[in-house]
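The numbering of the sequence shown is the working numbering, which starts it at 240 and goes up by one.
Just so you know, even glycine gets a beta-carbon here, dropped at the ideal spot from N, CA and C.
As the structure is a prediction and not an experimental result, all values here were calculated from the model.
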Amino acid sequence: GDLAIYGRGFGHYSATGITPRHVRNLYNEAQQRGWEPGTLLKIEHVQNKDRCGRKKKITPAVEQAIVDAVTKDRYGREKTLV
């Protein structure tokens, strides 16, 4: 339960690389978003918030066209990506 996250026996860092502080922040954020300990954790509870700043100008269609152009040679044949 909760003691495994906050207690001394924190062995998750070596397996996942997530620091104890980050786990606490995620735990607190999930609780603020309506999660109650002992219940199922849903993606809404831990999903990233929207970022402030300028939106991407490149649409997914344009991005795919760029990827397609880069992965083909001048004759239209697909390049190997090795």
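In the DSSP assignment, find the alpha helix (DSSP H) that holds Glu283 and state where it starts and stops.
-> The continuous alpha helix (DSSP H) containing Glu283 extends over residues Ile282 to Val285.
Got a sec? Which residues, its chain only, sit under 8 Å from Lys311 by beta carbon, not counting five neighbours each side?
-> Here the set comprises Glu317 and Lys318.
Give the DSSP bridge partners of Lys311, in chain order.
-> DSSP lists Glu317 as partners of Lys311.
If we cut at 9 Å on Cβ distances, does Asn267 have a partner in chain D?
-> Although the question refers to chain D, the structure presented lacks it and comprises just one protein chain.
DSSP three-state call for Ile257: helix, strand or coil?
-> Taken through DSSP and simplified to helix, strand or coil, Ile257 comes out as coil.
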